[in-house]
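As they're listed, the protein sequences go chains A and B. Under our numbering, the residues of the first sequence are numbered 1 to 515, in order. Under our numbering, the residues of the second sequence are numbered 516 to 1030, in order. Positions of the beta carbon are idealized from the N, C-alpha and C atoms, including for glycine. Values in this document were obtained by computation on a predicted structure and should not be read as measured data. Comments concern the structure below.
There are 2 protein chains.
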Amino acid sequence: MADRLHLLLLAALIVFTASSAPSKSSTSSFFSLSNGSPRFPRYSVWHRTSTQPLRRDQPEYQYETRYFSQRLDHFSFADLPTFSQRYLINFDHWLGPARLGPIFLYCGNEGDIEWFATNSGFMWEIAPKFGALLVFPEHRYYGESMPFGGREEAYKNASTLSYLTTEQALADFAVFITDLKRNLSAESCPVVLFGGSYGGMLAAWMRLKYPHIAIGALASSAPILQFEDIVPPETFYDIVSNDFRRESTSCFNTIKESWDAITEEGQKENGLQRLTKTFHFCRELKSTDDLADWLSSAYSYLAMVDYPYPANFMMPMPGHPIREVCRRVDESHDGTSILDRIFAGVSVYYNYTGNVGCFKLDDDPHGLDGWDFQACTEMVMPMSSSKENSMFPTYDFNYSSYKEECWDMFRVIPRPRWITTEFGGHGIETILKMFGSNIIFSNGLLDPWSGGSILKNISETIVALVTKEGAHHLDLRPSTPEDPQWLVEQREAEIRVIQGWINSYRKEKISTFSM
Amino acid sequence: MADRLHLLLLAALIVFTASSAPSKSSTSSFFSLSNGSPRFPRYSVWHRTSTQPLRRDQPEYQYETRYFSQRLDHFSFADLPTFSQRYLINFDHWLGPARLGPIFLYCGNEGDIEWFATNSGFMWEIAPKFGALLVFPEHRYYGESMPFGGREEAYKNASTLSYLTTEQALADFAVFITDLKRNLSAESCPVVLFGGSYGGMLAAWMRLKYPHIAIGALASSAPILQFEDIVPPETFYDIVSNDFRRESTSCFNTIKESWDAITEEGQKENGLQRLTKTFHFCRELKSTDDLADWLSSAYSYLAMVDYPYPANFMMPMPGHPIREVCRRVDESHDGTSILDRIFAGVSVYYNYTGNVGCFKLDDDPHGLDGWDFQACTEMVMPMSSSKENSMFPTYDFNYSSYKEECWDMFRVIPRPRWITTEFGGHGIETILKMFGSNIIFSNGLLDPWSGGSILKNISETIVALVTKEGAHHLDLRPSTPEDPQWLVEQREAEIRVIQGWINSYRKEKISTFSM
């Protein structure tokens, strides 16, 4: 396998887009458009439009849907159209302004806000206890919050997309919160931010950039250090690989060996045809790279959603899904080929229900993808795959190719150093210790994104809540009867810390009033 | 006197532009362009171009002039041209990276950076003691740092001016510092920010927005609270008025009475002609408003530069210039008319050297002014003049007129609430206490801008250094043999605090290294 850039970048994206997996064409572009279609299925509800029903395995949450007019560029006075930012709001439990009722705000990330709202059960569950208002503003350029009147116009080209940046999104939140509080006469009410994944990064960065807007943030699975050379670029794939190795060394080894087996098979006469059959694709494979991408994508997702109980976060999956994958890979009876064993394993991810007859690789192109644009502009997260510790094909991150492919794709030049200039990153622990406060960085160590996050307490008010057996922002999900004790305890700790922020704030407020 | 909006807005501008005084036309626009010429002389070196020699009463400072390529919009990926940001740099005393030599950076504000550099003697004087690198980046859209190739193009219209915002300027500094440090292999060297007036606001806001970029800021005369209703809108003019009253109640009363006397005289036959003669204007006055503006402007400046020793900050002036104004106003022998006494007083400001034969009101229009644009977009500082405490004509700030006049002038709509959304302001003391650190707010209470600044210690690391007899960022000026003891002590305190920041930082660095 030659250039695996697309594969490795994929990992940087999947957590966020959940299956907008970049693909690779013969010209080695890692994005889908260079050959007119993406290589990976887009299963994710993250890409659902509002007209599609949400999955019904979550509790039913009630909210009002409202809209707020936002500037397209907060930081210039260029004559640009405004756009309508959607937000969901629930007043059921709010104590109101007189009692300094808190406002819990989810920092919408790259997807439909309804999906995030209904997947953040933790907020819904603790709202009654805190007497909190719940509000979920959507991230610009996602869901219904489209500039220029609609998705097609907003995603037309680099020029219309150019205001899809993190700083603009944070300013959206700041303006939105300020206005909401004023309209509710709730200027004195404390705001607590929540966010998972990229949303967690937004929540943490809000605390750094707008400390006057919110008193604290629960940043779950927020890889704010996954930039430049702050963490080794191998981190992500090493963690995915370790998640498999901890379940079974032979499973790890089988996967590691499978890439060569796939290439070898593909080079034989009718090899692609046989691979198509082995892996149950609906249409014939065009290259073994497509297959490798499809498999790698599944492994990375599996690591993220390696939850201790059955869940339907991205796909319906058993509890400890990697354990199940490895059981199938390992337990296939003797004589089963390595490729059959790989297929048996990956079916846990792609077809756990057993309802899928054949797999499609390009079933929903959708055109330009928002996160792809963000990855090609600000969110440059270098990823490599090491020869030693990774079960994935070896790859060294190459910024020149990355840049070139972004140019081909969007006609933009990435700014790989901008995020750390704007938000910090190098020496972040010193900075957070000296200048930050009231952030919880929660992480599960099975989550490959945990490697780019904050895993130890920085100060009394910047705390890390790390669970050895946790995965991608598990803490934000609704509680279930199957929750292990460590998860129950993690959420209890979060509640205690948040309560502490609110108590301190109220105490400070009251002492200021009485002065 | 009818609409005094122009006059009152003037005060919001003069500190920064030093004489880009907005004017009033018959259509009541407060800016100069509505009638093709400004009403006030533009004496200030703040508007000098680099081809004009700087005043030679300052010590000679040596620096290299360099240029740095900046994005026009840091917060979007719109396809815009870059521009060249000028900066001045001096390495003479720098300890270098190995010894963690500090970098002292002046946050360039709305004018030619050479003028700020040569008027910030304090930085030059303390650099040897600290082994500091000195660097003075220029603010975009001022001096030589012009987007679109030059001043004429940059100031062509609202569209070309639209990137003249505070957030873009702060991002310029952040990108510039990051790049400079990398080029000097000085990533570990602590940066300390300095700034006076709007530059002081930039320095303080840099600490809030980019705590990872600089370890502390000396924000001198930085009215970060002069927005919305955070301080009473009468504050500025009340302080100016008090500066006069403390010298002489009769002087205060004479000035307060003079406005009616001027109006009355102007309404008489040949009144404007007689006023022209009394006040030595080169050309005949067109309205008494012009004269009132000319006088008000002088009084406000006088309050800002009410220094205890002779200085040539904006104009050559004696020590305690208000005392001298009032001496002349009060001491005119009996029988001298009120208008003659007013003229005698104001001549301290406009003609202390006695070299000016007659005064011009419109000698250097220059077209659109950068600070006017900033005042019409983000920097909306409401100012009123009260009937009771002010010696100025009564005026109530009227946002609707303000907005209308900004539209007429620039075709922009101000965002009066944006600054506090972006940087905080309401309840700023709580915010600074909880979330900020390492800022010195220095102020002199004679300075009318002190009313919108931070005048008390907020925490151990956010300190206010207030001098009763100080005026507008006097502490940043070079020391002189006439410096009173309180000024010497203020500067010593600043040095101690800055030394403390650097010591803590080095200690932290070393303990991190040795971990």
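- Taken atom to atom, the span from the alpha-carbon of N870/B to that of S957/B is near 35 angstroms.
- Taking C-alpha positions only, L134/A is separated from L432/A by approximately 27 angstroms.
- Contact check for Y582/B and N605/B: beta-carbon distance about 16 angstroms, past the 8 angstroms limit, so the pair fails to qualify.
- Chain B has no Cβ within less than 8 angstroms of the Cβ of I230/A.
- In terms of beta-carbon proximity, Y678/B lines the interface with chain A, with at least one pair separated by less than 8 angstroms.
- With contact defined as three or more Cβ pairs closer than 8 angstroms, the stretch 908-915 of chain B and the stretch 855-872 of chain B are not in contact.
- In the structure shown, Y582/B falls within a strand segment according to DSSP collapsed to helix, strand and coil.
- Minimum Cα-Cα distance from F688/B among the listed residues R655/B, A673/B, Y713/B corresponds to R655/B.
- Put simply, the CB of K209/A is near chain B, with a gap under 8 angstroms to one of its CB atoms.
- In the displayed model, F874/B falls within a strand according to three-state DSSP.
- Residue pairing from DSSP leaves N757/B without any beta-bridge partner.
- Contact annotation: the stretch 335-355 of chain A does not touch the stretch 469-488 of chain A, with fewer than three C-beta pairs closer than 8 angstroms.
- Annotation: the stretch 605-677 of chain B contains the following complete segments of the alpha helix (DSSP H) (minimum length 4 residues), in chain order: 628-633, 636-645, 666-669, 673-676.
- Think of a sphere of 7 angstroms around the beta carbon of A78/A: the chain B residues whose beta carbon falls inside it are S674, S677, in chain order.
- Taking 8 angstroms as the cut-off, the beta carbon of P190/A is found no closer than this to the beta carbon of I428/A.
- Any Cβ of chain B closer than 8 angstroms to the Cβ of S437/A would place that residue at the interface, and such an atom is present.
- S120/A and R151/A have their C-alpha atoms some 25 angstroms from each other.
- Interface flag for D588/B against chain A is set, since a Cβ pair is found closer than 8 angstroms.
- Distance between D369/A and D79/A, taken at the CA atoms: about 26 angstroms.
- Of the candidates E460/A, L193/A, W371/A, the residue whose Cα lies closest to the Cα of I213/A is L193/A.
- The count of Cβ pairs closer than 8 angstroms, one atom from the stretch 657-664 of chain B and one from the stretch 612-631 of chain B, reaches three, so the stretches are in contact.
- Residue burial annotation: A613/B is exposed, with fewer than 16 other C-beta atoms found within 10 angstroms of its C-beta.
- Cβ contact annotation for K456/A (same chain, cutoff 7 angstroms, sequence separation greater than five): A464, in chain order.
- Listed in chain order, the non-local C-beta contacts of L679/B below 7 angstroms within the same chain comprise R655, Y656, G885, F888, Q889, local neighbours out to five positions each way being set aside.
- Secondary structure note for V325/A: it is in no beta strand (DSSP E), and the uninterrupted alpha helix (DSSP H) holding it is 321-331.
- When Cβ-Cβ separations below 8 angstroms define contact, H139/A makes no contact with chain B.
- Across the structure, T480/A and N157/A are spaced so that their CA atoms are roughly 43 angstroms apart.
- In the displayed model, A986/B falls within coil according to three-state DSSP, outside both helix and strand.
- Among the residues facing chain A, H987/B is not included, as its CB has no counterpart in that chain under 8 angstroms away.
- Put simply, the backbone Cα of F796/B is about 40 angstroms away from that of A718/B.
- With respect to the 8 angstroms criterion, M383/A and F227/A are not classified as neighbours on the basis of their beta carbons.
- One Cα belongs to R842/B, the other to P833/B, and the distance between them is close to 12 angstroms.
- Within the stretch 408-430 of chain A, F410, R411, V412, I413, R415, R417, W418, T420, T421, E422, F423, G424, G425, H426, G427, I428, E429, T430 place their CB atoms closer than 9 angstroms to a CB of chain B, listed in sequence order.
- Nearest to V329/A by C-alpha distance, out of K507/A, S297/A, S287/A, R245/A, is R245/A.
- The beta-carbon of M949/B is placed less than 8 angstroms from the nearest beta-carbon of chain A.
- Counting only runs of 3 or more residues that sit fully inside the stretch 693-780 of chain B, the beta strand (DSSP E) segments are 706-711, 731-735, in chain order.
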